[in-house]
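One structure is given below, encoded as structure tokens.
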Amino acid sequence: MIIPTEQGVGSSAIRLGINHALEQHGYSVANFHPLRDSNISSHELRAYMIENRQQDLIETIIQNFERVRKSVDFMLIEGIYNKIGNTNELAWFNPYVEWFNNTLVRALMGYVILVTRATGDKLDKLEESITLSLNGISHEFVLGVIVTKLEAPIDEYGRVKFSFLDEDSDGKKSLNHEQVAGSKLFQDGKIKLLGTTTWNEDMMKPRVSDLMHALNIPLLVEGTDTSRRVKRISLCSRGINNLLEDLKPGTLLVTAIDRSDIIVASALAEAKGTKLAGLLLTADYNIPQETIWFCYEGQNNKLPVYANQDHRKTLSFILSLRDLELRGVPSDDYERIELIKHEISESLDIAAIEAKLNHEVTKKMSPAAFRYMLLKKAQNAHKRIVLPEGDEPRTLKAAIHCHDKKIADCILLGNIEKIHQVAKANGLVIPQDIKIFDPLDIAPAYVDQLVELRKSKGMTPERALETLTTDVNFLGTMMIYNNEVDGLVSGAENTTAATVRPALQVVKTKPGSSLVSSVFFMCMEEQVLVYGDCAINPDPNAEQLADIAIQSADTAAQFNIEPRVAMISYSTGTSGTGADVEKVKQATALVREKRPDIIIDGPLQYDAAMIKDVADKKAPNSPVAGKATVCIFPDLNTGNTTYKAVQRSANVLSIGPLLQGLNKPVNDLSRGATVDDIVYTIAITAIQS
């Protein structure tokens, strides 16, 4: 991701150069602008922010990003920068720019190339700009820094000042390469200097058509050469004798519209082979058509002539020429684009970029990418999920959302009239193709089967009918057992036991599973972690803990999270003793014996499992320490306490508990679950099935 520190640093040119260099090395490259390529207008962006739908914004961008990424080796993402001027339609977004870029980096798990420019001739200002711009971005994501516009002309305040007017230059220049490379930021090795670009006026020279387009001035004579480059601008009010020194190639002459002598002199210079950039006529006099005709008719004169006839803006227009700054390169200016591509690509350390991007990295799944993956996988699965709590408002909203987004076909259980009343009270419209079943109508069909399944427990037809009509979870479980639905989600109103008990009695555990366990997906700021078991087993023994670890590793892999399993304890390695530590050691050994393909280590303290600096000291040779993605806690007390502490203190979205080990997917909800929580749990259940 290429992030500019401010407007005007030349990030578009840098992107062109990197693109060109990578293509020269045989890579396929695509460019991605998070807003433009996601078709998000300024108006839509404002709606996302006002309605507090930032998560939806990021997920929309990821969805469009993924469509492109599949077909190329490298994606170059354009970061957003602060817009100057109140007339820019995105200037209102300036307070959110840092949040947006940092969030997108974490969501896409991309590397950052920071692009900044030499700010004046003071190195400390450049260092401050770089440090502030990288604030909030994890060091592991920073590929390096590119500094542009070295040795550029600057004004008395140290600002880069390119002017078309020769008299504006006083010879003062910005920092050079040696000064920048000698910065303490780059010398200590923490931040890599990927390259610098020196000021090159040839790369700044616009076509006269681009200049006039920026000034909104029309072309007076058609068929002329508007692709000429503007090297300088000369304001002409002098006589012919004093004008000759300005008749040079690349000069745009600006004069009053009634100065026929200058018009004729310009045409004569053109006829003699001096390719002026153009002629711009100002003021509100009548255009001298006879003079123009005399200069152009039959002369094959290609000198472009423009006219600004608004006398009210003549003075402000002339003054604007001093401060005119053209940003970006028009997409059809192929000559300038090619020059920029070659110049920039030769100035950058592409080998360092390749080396960084090609080395084996620890794969992580960002929360935004995880949520997008969940919804995408569920949409592709086309599964039927029964929701026993059909008249619960949050569940009803989630069912409608899943229908509209094609996440799953949801089947509601409950009194049909009551469900429609709840929908009306909450301003909801239930789509006609969402199926609703009244337990009183369908329960009798399952009575005989339930009696047969539970006859060893003394089940009778009367008890079976009562159970099926009063316990919607049991009824939903029977639907799963008969393959009428693919999964069940419940718990917004009922306890975990009420959700799990029917599944254990009817669906039962998978072959080879000694127990049912659970995991939570913890959507941390930079990655998604798997926590198990935080909801089901109070005090598992070593064999059970090993099974929980295996189940959790398989669940992580099923959801595109590379499993690196940390068996959590209060001590790391051999530093502690006692029954609790021994249990974790035995469980770790059992996993290695049963599933040598799983990357696992333990016992590990939580900080050693998650933090690289701590891991380097406490467990330097561990394949898991510092980069764990799955944390297995020794008991329910530890797991549930940790999950809730992390969730609340870090304001982390947690999805779960997801139940493991059952023959068919049955998942429990927290009674405080939001609509989004229910939607994602439905998606997870669809994927599990």
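Using this note's numbering, read the sequence shown as starting at -16 and increasing by one per residue. Glycine included, C-beta positions come from ideal geometry on N, C-alpha and C.
In the displayed model, Leu203 falls within coil according to three-state DSSP, outside both helix and strand.
Taking C-beta separations shorter than 8 angstroms and ignoring five residues to either side along the sequence, the partners of Leu642 in its chain run Val483, Ala486, Val499, Ser500, Ser501, Ile519, Pro648, Val649, Asn650 and Asp651, following chain order. By the neighbour-count criterion, in which 16 or more other beta carbons inside 10 Å mark a residue as buried, Pro586 falls on the buried side. The three-state reading of DSSP puts Val213 in coil, since its state is none of H, G, I, E or B.
Taking each of Ser249, Thr180 and His325 in turn and checking the Cα distance to Leu227, the smallest one comes out for Ser249. It is roughly 8 angstroms from the alpha-carbon of Glu435 to the alpha-carbon of Met442. DSSP places Ala525 in the uninterrupted alpha helix (DSSP H) bounded by Ala525 to Gln541. Between the beta-carbon of Leu251 and that of Thr181 there is about 38 angstroms, and that puts the pair past the 8 angstroms contact cut. Around Cys278, the same chain offers Ile246, Val247, Ala250 and Asn284 as residues with beta carbons nearer than 7 angstroms, after the five sequence neighbours per side are excluded.
The continuous alpha helix (DSSP H) containing Val483 extends over residues Thr479 to Pro485. The alpha helix (DSSP H) runs lying completely inside the region 33 to 102 and spanning 4 residues or more are 37 to 52 and 80 to 91, given in chain order. A distance below 8 angstroms between beta-carbons, with the five flanking residues on each side excluded, links Ala13 to the following residues of its chain, in chain order: Val51, Arg52, Ser54, Val55, Phe57, Met58 and Leu59. Counting every other CB atom within 10 Å of its CB across the protein chains shown gives Ser(-6) a total of 16 or more, marking it as buried. Taking C-beta atoms under 8 angstroms as the contact rule, Val430 and Leu396 fail to qualify, at a distance of about 16 angstroms.
In chain order, Leu396, Val455, Asn456, Gly459 and Ser473 place their CB closer than 6 angstroms to the CB of Pro371, counting only its own chain and leaving out the 5 sequence neighbours on each side. Contiguous alpha helix (DSSP H) elements confined to the region 148 to 193 occur at 160 to 164 and 167 to 170, taking only those with 4 or more residues. Inclusion of Val574 and Ile583 in the CB contact set at 8 angstroms is warranted, their separation being smaller than that value. The secondary-structure analysis by DSSP pairs Gly127 across a beta bridge with Ile96. In the three-state scheme derived from DSSP, where H, G and I count as helix and E and B as strand, Ile413 is classed as coil. Taking the C-beta atoms as reference points, Gly233 is found nearer than 8 angstroms to Val213.
According to the DSSP assignment, Tyr464 belongs to the alpha helix (DSSP H) that extends over Val455 to Tyr464. Check the Cα spacing between Asp193 and each of Gly119, Lys108, Arg211 and Ile531: the tightest is with Arg211.
When the alpha-carbon of Met550 is set against those of Asn543, Lys610, Ile544 and Lys491, the nearest one is in Lys610. Per the C-alpha coordinates, the member of Cys393, Val405 and Asn409 positioned closest to Met462 is Cys393. Ala608 sits close to Ala591, with the two beta carbons spaced by under 8 angstroms. Nearest Cα to Lys360 within the set Lys380, Cys385, Asp107 and Ala381: Cys385. Classified as exposed, Asn224 has fewer than 16 neighbouring CB atoms from the shown chains inside 10 Å of its CB. Rounded to whole angstroms, the separation of the alpha carbons of Asn199 and Ile1 is 33 angstroms. By a beta-carbon distance limit of 8 angstroms, Asp537 does not contact Phe616. Their separation comes to about 18 angstroms.
Put simply, of Thr209, Tyr553, Asp618 and Gln569 the residue whose alpha carbon is nearest the alpha carbon of Gln588 is Tyr553.
DSSP, read as helix, strand or coil, puts Lys132 in strand.
By the C-beta density criterion, Glu61 is buried, having at least 16 other C-beta atoms within 10 angstroms. Taking all protein chains shown into account, Leu528 has 16 or more neighbouring C-beta atoms within 10 Å of its C-beta and is therefore buried. With respect to the 8 angstroms criterion, Phe124 and Val80 are not classified as neighbours on the basis of their beta carbons. DSSP places Val312 outside both helix and strand once states are collapsed to three, so it counts as coil. When Met92, Ser116, Leu117 and Glu27 are compared, the shortest CA-CA separation from Trp75 is found for Glu27.
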